[in-house]
Ligand code: SF4
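Numbering (this note's numbering), first residue to last: 5 to 288.
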């Protein structure tokens with residue numbers, strides 16, 4: 005499955021993990037010092053649906069991306085705590101399991117695999133049907149089971165061991181490129197492994213919530229898929245941002261998509277970004 009569209013498991017539904025209580029109705033008003041004017045949303049009469057706007061020029065987008073980050077961080081409380089402390093190989097397994105799957109279900113599947121295979125090497129040669137049964141609660145277990153075995157085998161073949169700790173010695177670009185040569189691993193998973201695992205490297209994952217909010221805000225174009233949106237959205241953020249900064253950026257955009265900017269009927273009336281969002285009150 006190709007990354008972004010059909011990339012195998014990626015977990016981005018972590019409401020219960022973050023446990024962030026957000027009173028959207030009491031969000032702080034926009035500070036008067038913010039450079040809001042140039043992003044002001046026009047307010048034509050509400051309609052059931054409207055096309056998303058093409059992105060503004062890059063310099064504006066850089067400023068807007070920063071403004072979005074700062075406002076959402078004020079709402080959701082940065083820095084946001086990491087939800088995993090897994091080694092990178094285990095994070096890779098976890099990420100693959102969680103694609104299009106509820107956290108609770110992917111978490112159960114990961115625990116079942118870890119219990120049955122304390123050493124991931126044992127899973128490579130296990131009957132695929134057994135792996136599939138252990139992860140039956142996730143979406144597409146019949147695809148994920150053989151893919152997990154294939155990926156683990158590929159790591160062992162390429163490295164001579166089942167260990168991804170060496171990625172810490174590579175640049176983010178090199179590490180992502182290495183990971184994306186594994187079968188079914190694309191930008192979302194490679195960034196998640198580097199960011200969410202104990203490697204804590206400065207990579208920006210983009211999940212479906214993050215992607216949807218960025219599109220509605222006009223940070224990316226309406227036709228840019230999740231996969232190719234990774235370098236675009238990363239490029240709008242300061243080059244020297246830390247792993248925590250980029251993690252926060254992903255988390256707050258994801259949380260906003262889960263809590264306010266829903267797939268259907270986004271709650272624009274209680275959105276802290278409404279005055280700079282070209283899609284405000286336009287999405288049915
Ligand atoms: S909730 Fe509405 S105003 Fe806020 S980002 Fe989404 S579409 Fe824009």
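All C-beta atoms in this analysis are idealised placements derived from N, C-alpha and C, irrespective of residue type, glycine included.
All of these numbers come straight from a predicted model, not from anything done at the bench.
Between the alpha carbons of residue 114 and residue 73 lies a gap of roughly 32 Å. Here the C-alpha atom of residue 136 lies approximately 5 Å from the C-alpha atom of residue 145.
Taking C-beta separations shorter than 8 Å and ignoring five residues to either side along the sequence, the partners of residue 256 in its chain run 73, 76, 77, 79, 80, 82 and 84, following chain order. For residue 287, no alpha helix (DSSP H) segment is defined, and its DSSP state is neither H nor E. The ligand SF4 never approaches residue 235 closely enough for any of its heavy atoms to be under 7 Å from the residue's Cβ. Ranked by Cα distance from residue 272, the options 183, 220 and 182 are led by 220. Secondary structure note for residue 251: its alpha helix (DSSP H) is the uninterrupted segment 247-263.
Here residue 244 is exposed: its Cβ has fewer than 16 other Cβ atoms, across all protein chains shown, within 10 Å. Separation of residue 253 and residue 62 (C-alpha to C-alpha, rounded to the nearest whole angstrom) is 18 Å. Assigned with DSSP and collapsed to three states, residue 175 falls in coil, not helix or strand. Straight across, the Cα-Cα distance linking residue 126 with residue 206 is about 31 Å. For residue 264, the shortest C-beta to heavy atom distance toward the ligand SF4 is below 7 Å.
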